[in-house]
Amino acid sequence: MKITSATKLAGVLMLAVLGAAPSVQAADAPVSHSEDTSVTAAQRSRTRFADRRGDVRKAKLDIRGVSVVNRPDRLRVRVSFPGVAETYDFPTGAVMVYLDTDESRDGPEYGHFMDFWSDHRFAPTDGWTEQRVRAWSHSPEGRCVADAGVRSDEQSKLRWFEYVVLKRDRCFEANDVRVAVSTINIGELRPFREYRRPAWDHLTSRHAWTPWVPETD
Ligand SMILES: [Ca+2]
Ligand SMILES: [Ca+2]
């Protein structure tokens, strides 16, 4: 019974996560890989970074690659995984996407932080630590919250998650960026169990930055 309730709750929470920023999702046309003629400007300007396959004990959050689309109006960071057979067969754990926007300051300035079955937060950082601030907080709803959202592959089979943030004065302001990505897998939801040790994966290595990705039209 406990698992059934948890699963239902998880579904509701996940919908809340995916529906957190409808304005962002509605503005992004679905990405199609089917025909060359359907390639969008965003795809042409996508910069890809690869990570080794199978370099983590648990497969679900094995980072396969990260791509970045850095446009004047928004930043999109897509993290790709192996995928699962069943919709919402997600692990418990988290994805962290750190953003460096200022080379003169050590470490990231911002990050997307997504806990599976819980919530997604965009926040400034202090060093590599999330600093929740009112502007980006959901309670009370901050003035910048609607700018950051999450998308996933159409069938929610953990093939990729994309973290989007709009560029806006006094919210997220950036030109060139670089990213660092980490995942932590702490267990399974169905049936529920926690691993004795969490499984970490990083884009190449912990706190390693990609090269700078210039802003392009
Ligand atoms: Ca990997
Ligand atoms: Ca920095």
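Residue numbers (mature numbering (1 follows the signal peptide of the UniProt record, and there is no 0)): -26 to -1, 1 to 191. Yeah, the Cβ is synthetic: ideal placement off N, Cα and C, and Gly gets one too. Note that the coordinates shown come from a computational prediction; the quantities given were computed from them, not determined experimentally.
Cβ atoms of residue j and residue i: under 8 Å apart, would you say?
i	j	result
arginine 50	glutamate 136	yes
aspartate 191	proline 46	yes
serine 187	threonine 21	In the sequence under discussion, the amino acid at residue 187 is valine, which differs from the serine named in the question. Yes, the Cβ-Cβ distance between valine 187 and threonine 21 is below 8 Å.
threonine 157	valine 69	yes
threonine 99	glycine 85	yes
phenylalanine 87	aspartate 121	no
aspartate 63	arginine 164	yes
arginine 83	arginine 95	The sequence as given places glutamate at residue 83; arginine does not occur at that position. No. Outside cutoff.
tryptophan 110	arginine 52	no
valine 139	arginine 48	yes
phenylalanine 23	leucine 177	yes
asparagine 44	glutamate 189	yes
valine 153	leucine 73	yes
So, is the C-beta of residue i closer than 8 Å to a C-beta in chain B?
i	result
valine 58	The structure shown contains no chain B; it is built from a single protein chain.
Could you check if residue i belongs to the surroundings of ligand 2, using beta carbon to heavy atom distance under 7 Å?
i	result
residue 192	Outside the displayed span of the chain (-26 to 191) sits residue 192, for which this structure offers no information.
aspartate 76	yes
aspartate 27	According to the sequence shown, residue 27 is arginine rather than aspartate. No.
arginine 79	yes
Bridge partners for residue i per DSSP, in chain order?
i	result
arginine 50	Val43 and Val138
arginine 167	Glu162
Can we count residue i as close to ligand 1, meaning its CB is less than 7 Å from some heavy atom?
i	result
isoleucine 158	no
valine 58	no
valine 30	yes
residue 196	Outside the shown range of the chain, which is -26 to 191, sits residue 196, and nothing can be said about it.
aspartate 127	no
aspartate 89	no
aspartate 36	yes
Tell me the start and end of each unbroken beta strand (DSSP E) in the segment 80 to 158 that is at least 3 residues and wholly inside, in chain order. 84 to 89, 94 to 100, 122 to 126 and 134 to 140
So, do the segment 54 to 64 and the segment 27 to 43 have three or more beta carbon pairs nearer to each other than 8 Å? yes
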